[in-house]
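If you use my numbering, the sequence shown corresponds to residues 117 to 245, in order.
Some notes on the structure that comes next.
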Amino acid sequence: MTDETMKVLLNLRSLRVIAREHSLDELNEALDKLKTVIGEREKDEALAYEQDKERRDKLEAYRQMLSDDGIDVAELLDAIAKAPKVKKKHAPRPAKYRFTDDNGIEQTWTGQGRTPKFLQDKNLDDFLI
């Protein structure tokens with residue numbers, strides 16, 4: 117709803133003006149639809165409250181377990197914050213190019229980073245694996 121519509125619905129004088137401009141059947145139909153929408157919203161709110169209550173209950177159960185084990189919640193959060201962060205290692209990229217350098221050593225290159233000197237100014241397609 118727009119702010120203007122809500123202002124009209126919440127203002128008794130505005131509603132009286134609108135009521136004079138419409139038939140009783142139209143007003144009853146609008147009332148029925150408004151009641152339906154309100155009922156749906158109440159159900160949604162009740163569902164959200166129940167879901168939030170379940171979450172709060174679980175949090176309380178965890179807090180109680182920590183308390184039973186003699187661990188303060190603040191202590192746990194502090195330990196988590198100070199825990200070393202582990203970097204995820206990714207698999208190395210497979211080589212795309214194979215070449216023999218000026219020293220006669222066979223080398224590979226993934227195609228990432230600087231181009232090896234040997235491959236500079238050459239057609240890379242000739243060295244594809």
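C-beta: ideal position from N, C-alpha, C; glycine also.
These numbers were taken from a predicted model, which means no experiment stands behind them.
- Secondary structure of Arg209 (DSSP, three-state): coil.
- Residue state for Gln223 is assigned as strand, using DSSP reduced to three classes.
- Within the segment 125-196, complete beta strand (DSSP E) segments of at least 3 residues are not found at all.
- In the structure shown, Thr118 adopts coil according to DSSP, grouped into three states.
- Lys212 is a Cβ neighbour of Gly227, given a cutoff of 8 Å.
- Minimum Cα-Cα distance from Asp242 among the listed residues Ile221, Gly220, Thr216 corresponds to Thr216.
- About 14 Å separates the CB atoms of Pro210 and Gln223; that is not less than 8 Å, and the two are not in contact.
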